[in-house]
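Structure first, then comments.
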Amino acid sequence: MTPRPELALVEGFERALINQRLHMVYQPKVRLRDGALTRVEALVRWKDSEFGSVPPSRFVPLAEKHGLIEELTQWGLRTTLRQWLKWREQGIDTSLAFNISALSLEQLDFPDLVERMCRALDVPTDRLVLELTESATQPLIKLMDTLTRFRIKGIGLAIDDFGTGYSSLMQLRQLPFTEVKIDRFFVGDAVNSQESRLIVKAIIDLAHGLGLTATAEGVETREQLQSLGELGCDVAQGYLISHPLEPDALMPWKQEFRGRWPGLIEDKGLALWSYAETDNLR
Ligand code: C2E
Ligand code: CA
Ligand code: CA
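Quick note on numbering: the sequence shown equals residues 40 to 321 in my numbering.
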């Protein structure tokens, strides 16, 4: 993409949002115990005729800065919930992980809005997990009320990118999270570095001590997958398992992965695919 003034990009993004030219892709997360699909994470995509493929790391912060995040969140969530209904018709009753900007949490009525959207489409709230990232300007601790409201409604909360940035152990203890996502930096490094392996192990043990699910993101190699299994991690997500998928590709992936799983874990003590897919880990 050629560098352009920020404003042109924002205007382009707003047009794409209004004209429904964004779309969502979905990355599977699997249970390390047996390779069963536990959730899919919804990730937004913008491919523009003028700007090319713009990554969310570029346009989500712009949407936040220019007052467009609410609309993006609502569009993305509605699209994802509708997609869940289609998957359920195909026999895939999985959970959804959806990324939320900390800005949205500043609206006190946001949990009610999310609940209403679930109700309107008849998607059970316990199928939804919101993924949140801490930032310097928006400490999650300030948002305790809002986060608690989500939990009361049965909606799960994951802390994303844990171990880097601003997330802290204190937050884990004080806030009503249900899941910790270990940042891919540590996951990638854990195979070679004893320190990173120790950090990953400490995060997993801490998560378990607090009754939370530990998810590793950015799993790219068999070695990483196997070492996460040894460390007792619950869920894995990453290119090794699957790249983010177009909605119709989830069912074929599920079939393909069922055949691939035994080769990924080979004599590492992890079990074969379980047919009893209890999707809910919480
Ligand atoms: P994230 O929530 O940490 O999402 C994971 C990112 O890592 C995604 O990038 C995903 O495509 C990528 N990824 C997954 N597996 C691997 C792997 O094995 N290796 C590597 N190197 N990368 C992997 P993506 O889709 O570009 O999203 C970037 C970030 O943008 C997300 O980070 C999230 O913070 C934000 N984002 C994406 N979609 C949305 C959305 O709908 N709403 C909001 N508010 N933010 C979003
Ligand atoms: Ca995420
Ligand atoms: Ca992450």
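We treat Cβ as the ideally placed atom computed from N, Cα and C, and that holds for glycine.
Notebook entry, point to check: For Asp222, is the beta carbon positioned less than 6 Å from some heavy atom of ligand 2?
Noted result: no
Next item on the list: Run the proximity test for Glu170: is its beta-carbon closer than 6 Å to any non-hydrogen atom belonging to ligand 2?
Entry: yes
Margin query: I'd like to confirm the pairing. Which residues does DSSP put opposite Gln66 in its beta bridges?
Written below: BP columns for Gln66 point to Glu80.
Notebook entry, point to check: Where does the unbroken alpha helix (DSSP H) through Ser88 begin, and where does it stop?
Noted result: First-last for Ser88: undefined, no H or E at that position.
Checklist line | Pair within 7 Å by beta-carbon distance, Glu173 and Tyr205 | finding: yes
Next item on the list: Go through its chain and collect everything with a Cβ distance to Phe201's Cβ below 7 Å, but skip five positions before and after it.
Entry: Val219, Lys220, Ile221, Asp222, Ile242
Notebook entry, point to check: Are the Cβ atoms of Ile238 and Phe224 separated by less than 7 Å?
Noted result: Cβ distance not < 7 Å, so Ile238 and Phe224 don't count as in contact.
Check: Is the CB-CB distance between Ser143 and Thr112 below 7 Å?
Finding: yes
Next item on the list: Whole angstroms is fine: what's the gap from Gly277's alpha carbon to Gln263's?
Entry: 10 Å
Notebook entry, point to check: Is it the case that the CB of Leu144 approaches a heavy atom of ligand 1 more closely than 6 Å?
Noted result: No, the Cβ of Leu144 stays beyond 6 Å of every heavy atom of ligand 1.
Check: Just to check, is the beta-carbon of Leu267 closer than 6 Å to a non-hydrogen atom of ligand 1?
Finding: no
Margin query: DSSP three-state label for Ile139, please.
Written below: Shown here, Ile139 sits in a strand according to DSSP, grouped into three states.
Item checked: Limits of the alpha helix (DSSP H) - the one that Lys125 falls within -> 108-128
Margin query: Looking at ligand 2, does it come within less than 6 Å of Asn138, judged from the CB to the closest heavy atom?
Written below: Yes, the beta carbon of Asn138 sits closer than 6 Å to at least one heavy atom of ligand 2.
Margin query: I need the straight-line Cα distance from Pro44 to Arg97, nearest angstrom please.
Written below: 13 Å
Next item on the list: Run the CB neighbour count on Met63, radius 10 Å, all protein chains shown included, and call it buried at 16 or more, exposed below.
Entry: buried
Check: CB-CB under 6 Å to Pro286, same chain, minus the five flanking residues each way: which ones, in chain order?
Finding: Gln122
Checklist line | Simplified DSSP state of Leu320, which is helix, strand or coil | finding: Note that Leu320 scores a pLDDT of 49, beneath 50, so its modelled location is shaky; the value from the coordinates is reported in the next line. Coil, per DSSP.
Check: Where do the ends of the alpha helix (DSSP H) carrying Gly248 lie?
Finding: 233-248
Item checked: DSSP-derived helix/strand/coil call for Gly195 -> strand
Check: From Lys240 to Ile280, what does the alpha carbon distance come to, in whole angstroms?
Finding: 21 Å
Next item on the list: Leaving aside the five residues before and after Cys272 along the sequence, list all residues of the same chain whose C-beta is less than 6 Å from its C-beta, in chain order.
Entry: Leu71, Ile243, Ala253, Ala255
Check: To the nearest angstrom, how far is it from the Cα of Arg158 to the Cα of Ser92?
Finding: 33 Å
Next item on the list: With distances taken Cα to Cα, identify the nearest neighbour of Leu179 among Trp300, Arg261, Pro100, Arg212.
Entry: Residue Arg212 is the option with its Cα nearest to Leu179.
Checklist line | Burial state of Ser134 (16 or more Cβ within 10 Å) | finding: buried
Checklist line | Glu173 beta carbon near ligand 3 (any heavy atom closer than 6 Å) | finding: no
Item checked: Rounded separation between Arg54 and Ala81 - CA only -> 21 Å
Next item on the list: Taking Gly298 as the reference, give the member of Asp73, Phe189, Ile108, Leu160 with the closest Cα.
Entry: Asp73
Note to self: Buried or exposed for Lys181, going by 16 or more other Cβ atoms inside 10 Å?
What the structure shows: exposed
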